[in-house]
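The numbers in the UniProt record's numbering rise by one with no breaks, and the one at position 155 of the sequence shown is 155.
Think of the CB as a built atom: it goes at the ideal place given N, C-alpha and C, for glycine as much as any other residue.
All values derive from a computational prediction rather than experimental measurement.
The block underneath contains the structure these notes are about, expressed in structure tokens.
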Amino acid sequence: MTDRRDFLRLGAVGGGAVFLSGLYGHALADNSYDDFYFVQLSDSHWGYKGPANPEAEQTLKQAVEAVNALAQPPEFIVFTGDLTHTTDDPAERRRRMTEFKTIVAELKVKNIHFLPGEHDASLDKGEAFIEHFGRTHYSFDHKGVHFIAIDNVSDPGARIGEAQLAWLKEDLAKQTKDARIVVLTHRPLFDLAPTWDWATRDGQQAIDLLMHYQNVTVFYGHIHQEHHHLSGHIAHHSAKSLIFPLPAPGSQERRTPLPWDSAMPGKGLGFREVEAEAKPVAYQIKEFAAQKG
């Protein structure tokens, strides 16, 4: 059977669209693998103050309440970067990270994986992030899926870097060609809108390494909106933010936030639930509003 990646819009469920992203034609021989759910949150920018979100001190807390209210708790949660808003003051950066940790400690699910965004890490090469959250790149396994967190933000030049690419190659070498692989990152690995900093300068090198594996899906943040893209058989899915939406890629000269709508304060904000399905290998993506209810 010919391999093909397919996207299927299933309709509106629970206040958000549902997509199915998967590689069909490859089944797993190991029947022990189970389906499971995880939640992706991104771009909370704790510490932001400005007209794009006059309620910035509430949106992260509302998202925590919304996740806690899910009918079925996720098995784990990932935050794909820009946990805090950028600041030149190292002490203020650490204060914001401490406050962020205090807020997300209210999540009922305690298995949480954090990634840095450029707002968290580019000014100090990830020093404060590492102090508060640990490693900036790592991998872990969950019920037959190999997750790889790539750091494409600690380098202020928006690069992954030779050392991390070598680590990625070594990590992938331990996987079979049909392994279920999910990549988590902040910036898109592909060139979505380079003039807007919506790209990774050496991201193609990471994609080239991943191309050798049959079942790869990438979840990222940074662009503050839902977006879906294919690099060959590799699917890339961006998440909405928890602070303010940004315009469609390249739709205007500057990537300024979309205007605040006081009548719909949560417009364009949200998080997603991802069901990892074993047979066939697929990821059902369900989008939720950032506010409970």
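{"Check": "Could you check if D34 is buried or exposed, using at least 16 other CB atoms within 10 Å of its CB as the buried criterion?", "Outcome": "exposed"}
{"Check": "Who are the Cβ neighbours of I160 in its own chain at under 8 Å, not counting the five residues just before and after it?", "Outcome": "I150, D151, N152, L168, T200, D202, G203, Q205, A206"}
{"Check": "Based on the DSSP secondary-structure assignment, which residues constitute the bridge partners of V153?", "Outcome": "Bridge partners of V153: none, in fact."}
{"Check": "Can you tell me whether DSSP reads T256 as helix, strand or coil?", "Outcome": "coil"}
{"Check": "Are G270 and F288 closer than 9 Å when you measure CB to CB?", "Outcome": "yes"}
{"Check": "Closer than 7 Å by C-beta to L209: which residues in its own chain qualify, once you throw out the five before and the five after it? Chain order, please.", "Outcome": "L168, K169, L172"}
{"Check": "So, for S32: in the same chain, excluding its five sequence neighbours on each side, which residues have a beta-carbon less than 6 Å away from its beta-carbon?", "Outcome": "Note that S32 scores a pLDDT of 49, beneath 50, so its modelled location is shaky; the value from the coordinates is reported in the next line. Nothing listed; no residue qualifies."}
{"Check": "Using 9 Å as the threshold, is the C-beta distance between T256 and P247 below it?", "Outcome": "yes"}
{"Check": "Would you say V183 and A276 are within 9 Å of each other, going by their C-beta atoms?", "Outcome": "no"}
{"Check": "Hey, would you say A56 sits closer than 9 Å to P259, going by beta carbons?", "Outcome": "no"}
{"Check": "Alpha carbon to alpha carbon, how far is L242 from D88? Give it in angstroms, no decimals.", "Outcome": "22 Å"}
{"Check": "Taking 6 Å as the limit between beta carbons, can you name the residues of its chain near E118, skipping five residues before and five after?", "Outcome": "V153"}
{"Check": "Report the three-state DSSP secondary structure of A63 (helix, strand or coil).", "Outcome": "helix"}
{"Check": "Only counting the same chain, and skipping five residues up and downstream in sequence, which positions put a Cβ closer than 6 Å to that of D185?", "Outcome": "In the sequence under discussion, the amino acid at residue 185 is Thr, which differs from the Asp named in the question. I150, N152, Y220, listed in sequence order."}
{"Check": "D43 and T80: beta carbons closer than 9 Å?", "Outcome": "yes"}
{"Check": "Excluding the five sequence neighbours on either side, which residues of its own chain have a C-beta within less than 8 Å of the C-beta of A158, listed in chain order?", "Outcome": "E118, N152, R187, D197, A199, T200, R201"}
{"Check": "Just the Cα atoms here: how many angstroms apart are H224 and Q175?", "Outcome": "32 Å"}
{"Check": "Taking just the CA atoms, how far does F38 sit from Q72?", "Outcome": "10 Å"}
{"Check": "Where do the N-terminal and C-terminal ends of the beta strand (DSSP E) with G270 fall, by residue?", "Outcome": "270-277"}
{"Check": "My understanding is that R180 touches V145, with C-beta atoms under 8 Å, so please give their C-beta distance in whole angstroms.", "Outcome": "4 Å"}
{"Check": "In the DSSP assignment, find the beta strand (DSSP E) that holds R180 and state where it starts and stops.", "Outcome": "180-184"}
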